[in-house]
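Report on one structure; see the data block that follows.
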Amino acid sequence: MSFGWSVGDLIAGLEVAIRIATALQDAGGAAEKYRQTTTYLLSLSTVLYQLHPPPPGLLAIAPDVKSVHSALQAFHSKLSTKFEKSLGSVPSDWVARVRSSPRKVEYALFMEKQVEALRIKLDVPLKAINLALGIAIHKQGRDNGEVGRETLEEVVDLKAALPGLEKAVLAGVQDIVLASAQREEADRMYTTVGAWCRARAGGGYWIFRREEFMRWRGGGPLEGHQPVLWITGIPGSGKTRLATRVVESLKGEGSAVAYFYCDTKDEERRSALSILRTWTWQVLEQRPQQLGEVAKICAREPVPGEGSMEKALMCAVAGVEGLVFVLDGLDECEEETRKKLYPIVTRLAATARVLIVSREMPGSHRALKSALSHEGGLVFYRIVDGDNTDDINDYLERAVRELEIGDEEVENTVISKLQEGASGMFLWATLMLEELSSPHFFAEEYLEGLDDLPDSLDALYARILTTLNASLKTRDVTRKLFRWLTCARRPLTLPEISTTLLITIDDEVLKSRSRMPDDKLRDTLLRYCGSLVAIHESRDGGSPTVTLVHASVKDFLLEQSSSKEAFGYLILDPEETQAILAQECLTYISYNNIDFDPNTMQPDEPHMSFPPDEMGRRFEVYMEQYPLLIYASLNWFLHLVIAPRDRTYTSLTRFCTSIPKTISWLQVMLRYRGDRSVYSSSPGYADYTGITTLPHVLPQHGDELNKWLQPFRTVSEGRSNLPRYVQFMYCGMANDFLPKLSVAAYFDYADYLEDCLKKGMDPNLKNYRGKTPIYAAAMAESLDAAKVLIKHGADPNVIGPGGVVALVSAIRLDDWRNADAVPFRDAEFFGESGADPCYSNGGLLALACLCASSNDTHVVSLVSCMLKHGATKVINIGKNPYWTALHWAAKAKAARLVALLLENGAEVDIGFGGDRVNARKYETPLDQACSITQQAEDVVRILLEAGASVDALHRDGRTPLHRVVSSDRPLHDAVKESNIPLIDMLLARGAALDVKDIEGRTPLDLALDVATPNTRVVTALIDVGASAPDNALWELEVVKKGEVGIKKREKRAQYWPQQPRDIFETSWILQHHATSKTIPRNIVLRILDLSRYWLRSISNREELIALNDATSRRAPPYLTSEPIIGRSLSPIRELIFDVTSHDQGYSSYPECYGTYDNSWTYFEYGVATREGGEQLFDYEGLDRRVCVNVHAKQAATTHRKPFRDYRNDGLLKRVRAGDRVQVFAQARFPGWVNYVERVSITMYTTCLLD
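In this note's numbering, the protein residues as written are 32 to 1281.
Pasting the structure below:
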């Protein structure tokens, strides 16, 4: 690819300018203006290197680049002519001369004028280049976003794939995708309007010269707040163009700009949540300093709302200077939305500048002005006649020339007339040009009608509507089209808008019509509605969408006026229109001939025979037959809640009393509003809120609506705290394509199931993933449906997706748990109906899952039921996740479950993976009971009374006493938690006092390795014979039994050796002077190693950061040590990492809280090879894991990981002098966040060769 010029030539052309600039900066320059000049010259070089090599897809900027090239060549020539000889052609000569020569002054005076001229000449092409580069970067970002969304769509079941996933937090993932889509919509508007800005280089620049704008842009804060600029203008005056020009200019200056274009035609582009979400996304993209804090907000409030998104935005802008927010089209938001935005704008103005652009809204600016805390906080500017005259005149002149009228005199007359009539309205000019664009035989025909031009947009709209074909047939069609275009909740596609013409309210059968091609529909639509509609091509290859040409057209059509009698049939009543749209939607989804189930597998198709994309394709093909079905299903109730309340809706009654129609509607809602394998991310709750308001909005339909809503509500005495409809949307089933029978089972439509099954339908009918109706009934706690299915032969042991059976699904331990203890009605029913309690899902047993839950009466009752029906066969099995039911019950602090399991044959010292011999007493239930925070003493007591080994080992070598003291065996665990009763209990059972953990610490060492030792813990250990260690921090004095004094050492011993010389001297003395004979060198080295006579270096970092799955992958190391000192090869004798950190503080696996199981935030070490080394460090065969955070513990924990084996081929053997040791904080899977507070690296090295 070539621009027609050489980048090397251009760089050569700038070489002199760059050298001059650099030399002046080195010499200190002269006055401030000269330093500004040199800075500008240096910035030009950055442009060149951005374009070398030429970026792909930027051929359009070749003319601008050539302009830059020509100007710089001329500039180079002037400098060469005037200064090259005296300043020198060689850089060193040149620098020397410019610093000493009197011509430096002459140069500076000449340079200022030349650079200013160059700056003016390059201003436009450089901005065009900059904008093109920005668009290219955005396009790449959008492409990346598309890849991300495609990846998200391909994930079928994250719950099965990622067992450590926190479902609620994944709302943030879908929210980011949604924010990205809305951001792209804002960028699309910005890019589209930016094309106009580039077409007229000076267009919109007049605003920068207005006093109000300069005061807003350049003025300082008043009483702690930045000014808010509100620009208003009449409809069609180019306000969006103006907003885009401001955004473009600010971006060109390097400012961080967040912008949003409101649109009354699209609900997603005029809500407070959309604005907040997009602004937050844009700020974090440009200024990511607060990303960690925003992540915490997402963690605390996983389901995004206006409140949480406002918190996120305010957090994102905190401490960030120079931010600018631009909001275009505030008038296109509802009044309620505007009221929500005013206080947000006020808060933003505390640190950022805010620009609002809108039509004139009398009184609205007063509401914002009163919200601001100081006089003069709102700078108000109204676009007046003459402001944009030059822009409109230029636009009209270019557009008329493009008509190619052929007669220059006529052409000039048309331009003059239109410029005179535009009166500051771009939209007026655009519509008039469309009127003139129809074919003409003669040039003079263009002049017809120009003598009586409409003087306003309303007059122009009236003129266009009056000229529409007004036959009786076309009147009805035109009115219907304008009704949908005016009040639809989003832009409709051409097939959708044409389908509306087929609907007759309360008809039972949809008329069959052949669909016309899009280009034919386009022509027909324009014939009926004229230039008041705009047709937009789809960016993804789909059908074009149709909208009104401007928001003011909607206002015109909804405003009653006697002056509109000539076209009064097109003037709409807002509430009446909403009622008609609601009824047409209900009629459409209730048609009797729309009754095919696209989700049912064909008899010859085995389930799981193809990917979900194939089912998605089938579903879309089905929907293409009924273009309006998606819109009607998703929006009928939203139209109805704002329709007149004093009328009866026959179509509503017909729909609500039909279970088959309701089930079909639920299938569509699930696919388009439900989770696509991302939990808690659907808009299901918002839909549910809208649907459940209907009985209050329409009391005349209250009885039938409440009856219809009953299956959607929260299950009485159910184990979930969410309504069944919301669970349906949240449970990740939008990719499941459930057949009608499964949907009926989910919502407990028992009578419908009875009728279908009596007609011969298969009670074990599977969807393409293998889910049967009994599985759906189990998920939703639909007991009546389950009973009907079992009665007709449903198999409760059918294995569903992910290997889950109905019994496991019915247990419901993790999803939206009801805080109150309620019975497991469905699970117990399945147990009594033949469900296998011993079923193992990949080794995961229902019994073990249940025992990992709480200790309430109903859990104990269900476990007892399962044991009664044969679960005793698997009571001591623990293949996956390695623990038996007794392990889980002990970890869950469930004393009654522990006792019940022991009574039914559970082995008390069974080990890891179901090791029934377990000679080493490794990972026993007692170890698990002590490995959690706030250990349950009653559980430990029950296990000890049953004969549990008191010195059971944890995986890292610690005992229960370690854990109570500081973590690792039961006694270690008890000491760590300072659990005095548990310590006494373990000591009374003879827990060993001298057992060391993996870090070489006894329980007493752990008790003293804290900032303030617990006197009671230390005393308890000393009383039973623990040896007092030689602790560097604390001195112990045994006064008497039961009383131990602990005193901090006043001065710590100075560490030795301090430098390599100390080691060499000591080595020499030992070898040659310690005895009468020379000691062999290997003995000397052994003595020094045993005495730990090594150099010590410590690297620390104490700074709170938060890293999630995405950010941790690209984050630099949290800490990097200084270069290792010592001998060349293997200098480290001991390496110690100390890490203080915690995770997000919650997850979906409460059974793992306080443990290290299923914890997905951790730390890894790295090694940066010594400077100059080209060889990457060899990690092969090494476990890089340093430590893992405690699962779901909000308080920070300090972990120490030592590396001491320097003889074998491990980490210490491979490092070399000059290398640097690093620590990386990691998080895996969405929802997991690693909060790092402090890390230190301590290295002990030797200088002596072996």
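Beta carbons are placed, not taken as given, at the ideal position from N, Cα and C, and that holds for glycine.
Please read these numbers as outputs of a predicted model, since none were measured by experiment.
Exposure of residue i, with buried meaning 16 or more beta-carbon neighbours within 10 Å
i	result
glutamate 615	buried
arginine 1121	In the sequence as presented, arginine is not what sits at residue 1121; that position holds leucine. Burial call: exposed.
isoleucine 495	buried
alanine 1223	buried
lysine 282	buried
methionine 764	buried
serine 29	Residue numbering for the chain in the displayed model covers 32 to 1281; residue 29 lies beyond these limits and cannot be assessed.
valine 580	buried
asparagine 1239	exposed
glycine 824	exposed
For residue i, the nearest candidate out of the options (CA to CA)
i	options	result
alanine 776	Trp237, Ile387, Ser813	Ser813
aspartate 1036	Asp677, Val1170, Glu367, Val1006	Val1006
serine 389	Tyr1124, Cys364, Asp550	Cys364
serine 1098	Ser1107, Arg272, Asp626, Ile1114	Ile1114
Whole-angstrom C-beta distance between residue j and residue i, which should lie under 8 Å
i	j	result
leucine 361	alanine 383	Incorrect: roughly 17 Å between the Cβ atoms, too far for contact.
methionine 1274	serine 1152	7 Å
asparagine 766	proline 643	5 Å
proline 827	alanine 866	4 Å
glycine 1241	leucine 1213	7 Å
Neighbourhood of residue i by C-beta, 7 Å cutoff - its chain only, sequence neighbours within 5 removed
i	result
serine 123	Any reading at serine 123 needs caution, since the residue's pLDDT is 40, under 50, leaving its predicted position unreliable; the model's value is listed next. Same-chain partners within the cutoff: there are none.
serine 268	Ile414, Asn419, Gly455, Met456, Phe457
leucine 589	Thr517, Leu603, Pro605
leucine 796	Pro770, Leu772, Thr803, Pro804
arginine 685	Ser621
arginine 510	Tyr600, Leu601
glutamate 735	Thr684, Cys687, Thr688
histidine 1103	Thr1109
leucine 1101	Ile1110, Val1115, Ile1118
tyrosine 1086	Arg1127
Proximity below 8 Å, CB of residue i to CB of residue j
i	j	result
alanine 28	lysine 922	Given a span of 32 to 1281 for the chain in the structure shown, any question on residue 28 remains unanswerable.
leucine 838	alanine 902	no
leucine 701	methionine 760	yes
threonine 1186	aspartate 1174	no
histidine 256	leucine 409	no
cysteine 882	alanine 852	no
isoleucine 1167	valine 1267	no
valine 1254	tyrosine 1196	yes
leucine 563	valine 540	no
histidine 900	proline 854	no
leucine 462	leucine 491	yes
asparagine 872	valine 829	no
tryptophan 1065	proline 1044	yes
leucine 1116	glycine 1157	no
tyrosine 412	phenylalanine 244	yes
leucine 464	valine 441	no
valine 774	leucine 697	yes
Own chain residues within Cβ distance below 8 Å of residue i, not counting five before or after
i	result
tryptophan 515	Leu523, Ile528, Thr531, Leu612
isoleucine 973	Ala926, Val929, Ala930, Leu933
asparagine 737	Pro726
threonine 1161	Note that residue 1161 is serine in the sequence shown, not threonine. Excluding positions up to five away in sequence, the list reads Tyr1237, Leu1243, Lys1244, Arg1245, Val1246, Arg1247.
valine 819	Ala781, Leu784, Glu785, Leu788
Close-in-space but distant-in-sequence residues of the same chain around residue i (CB under 6 Å, 5 per side omitted)
i	result
glutamate 1165	Arg1235, Tyr1275
phenylalanine 239	none
asparagine 1265	Leu1138, Thr1192, Ala1256, Ala1258
arginine 1032	none
alanine 1023	Asp982
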